[in-house]
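Trainee:
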Amino acid sequence: MRIATWNVNSVTARLPRLLEWLQDSAPDALCVQETKVADFPSADVESLGYEVAAHGDGRWNGVAILSRVGLADVRRGLDGEPGYAPAASTATAQEELPLTTTDGPPPREARALAATCGAVRLWSVYVPNGREPGHEHYAYKLAWLAALRDTVAAELGESPLAVLGDFNVAPTDADVWDPAAFVGSTHVTPPERKALERLRALGLTDVLPRAMKHDTPFTYWDYRAGNFHKNFGMRIDLVYASASFAAHVRDSYVDRDARKGKGPSDHAPVVVDLDL
DNA sequence: ATGTCACAAACTTTGTGA
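The opening residue of the first sequence carries number 57 in the working numbering; numbering runs sequentially from there.
1. Hey, is M57 close to the ligand COA, as in C-beta under 8 Å from one of its heavy atoms?
2. Look at the alpha carbon of G240 and the alpha carbon of V125, and state the distance between them as a whole number of angstroms.
3. Hey, is the stretch 168-182 in contact with the stretch 203-219, meaning 3+ C-beta pairs nearer than 8 Å?
4. Output the distance between the C-alpha atoms of K197 and F223, rounded to the nearest integer angstrom.
5. Figure out for me which residue from R312, V225, C173 has the closest Cα to the Cα of V244.
6. Taking Cβ to Cβ, would you say F274 is nearer than 9 Å to V327?
7. Find out if the Cβ-Cβ distance for the pair Y276, A324 is shorter than 9 Å.
8. Based on Cα-Cα distance, which residue from G282, G136, E107 lies nearest to R205?
9. Taking V208 as part of the beta strand (DSSP E), name the residues at either end of that continuous run.
10. How about G112 and A120: are their beta carbons less than 9 Å apart?
11. Please state the DSSP three-state secondary structure of V244.
12. DSSP three-state call for E90: helix, strand or coil?
13. What three-state label does DSSP hand L260 in the structure shown?
14. Based on the DSSP secondary-structure assignment, which residues constitute the bridge partners of T172?
15. Figure out for me which residue from R73, T68, H193, A82 has the closest Cα to the Cα of G105.
16. Going by DSSP, name the residue or residues bridged to L217.
17. Roughly how many angstroms separate the alpha carbons of I59 and A237, rounded to a whole number?
18. If you draw a straight line from the C-alpha of T146 to the C-alpha of P163, how long is it?
19. In or out: V64 buried (at least 16 other Cβ within 10 Å) or exposed?
20. Just grab the DSSP bridge partners of A120 for me.
21. Quick one: using the 10 Å Cβ neighbour count with 16 as the cut-off for buried, is D231 buried or exposed?
22. Decide if Y194 is buried, meaning its Cβ has at least 16 other Cβ atoms within 10 Å, or exposed.
23. With 16 as the cutoff for other CB atoms within 10 Å, does E188 come out buried or exposed?
24. Could you check which residue in K316, L260, S98, I292 has the C-alpha nearest to that of T228?
25. When DSSP labels each residue in this structure, what does T68 get in the three-state scheme?
26. State buried or exposed for L332, treating a residue as buried only when at least 16 other CB atoms are found within 10 Å of its CB.
27. Could you give the DSSP three-state label for K318: helix, strand or coil?
Shown next, in the form of structure tokens:
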């Protein structure tokens with residue numbers, strides 16, 4: 057069984073590359089992040105034999121799971137999932153108007169989706185970026201990761217389970233091209249890494265993929281400044297596998313070739329092959 | 001230091017987010 061995860065950075069913009077990759081790599085199930093659509097364009101992938109479960113809220117975020125081995129018990133969102141409301145505009149703040157009273161909690165975003173595909177339970181997750189340490193979005197990121205941990209904890213049992221997606225955290229300094237370049241930035245701070253550690257403490261294993269080049273299994277390279285060409289990347293797309301899932305992993309690799317060519321995502325897929 | 005994308009609306013340009 058082949059399972060993969062890929063942040064496509066807009067499924068609308070990436071549809072030709074997605075269809076090409078599905079045909080070339082033939083995953084049995086694919087977790088997708090940053091679909092950036094309310095309605096997933098399902099027809100084309102269905103013609104390749106995949107069922108689609110999607111969770112999208114429009115312009116930002118959005119996750120999906122594509123499967124050709126069944127798609128059952130679909131869940132959207134996390135237990136106790138925090139929401140996020142952007143800060144008020146500065147123009148409003150300068151007028152010193154009384155804060156508008158908001159009714160209820162901030163809206164939840166489309167960042168987590170689960171489905172059972174054949175013998176395995178999969179979560180497709182797109183963890184909040186965090187913007188910068190100390191930012192409201194950074195606190196949201198940590199709270200979101202805590203809710204992810206609690207939700208996964210409640211689902212863990214005998215069945216193989218994996219959480220796959222764009223975690224927006226590099227687990228160790230080896231997972232960024234230059235730790236010195238990330239001082240003061242998100243993705244590498246102790247609280248973010250601690251949040252991943254608490255998730256792994258449920259008994260999950262970080263399935264480290266093979267690199268296809270450079271001995272650095274990076275999964276993301278900024279579009280700017282020739283970062284891909286210079287291999288200035290990060291490993292932030294992760295596969296966290298339960299013991300019964302990890303026991304069946306035969307191989308895993310980063311499909312770095314998918315980051316090349318015309319109109320790529322800024323992330324590469326991570327592929328996991330299982331002997332079940 | 002901040003060079004590229006993608007998206008939507010203030011739409012032939014800008015802002016927001018990554």
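Using N, Cα and C, we set each Cβ at its ideal position, and we do this for glycine too.
No experiment lies behind these values; they were computed from the predicted model shown.
Mentor: On the basis of the supplied data:
1. Here there are no bound small molecules, and the ligand COA is not part of this structure.
2. 43 Å
3. yes
4. 10 Å
5. V225
6. no
7. yes
8. G136
9. It is not in any beta strand (DSSP E) - V208 instead sits in the alpha helix (DSSP H) that spans 192-211.
10. yes
11. coil
12. coil
13. coil
14. A128, R177
15. A82
16. R177
17. 32 Å
18. Any answer about T146 is weak, because its pLDDT of 42 lies below 50 and its placement is not dependable; what the coordinates show is given next. If you take the alpha carbons of T146 and P163, they lie about 21 Å apart.
19. buried
20. V88, A110
21. buried
22. buried
23. exposed
24. I292
25. helix
26. exposed
27. coil
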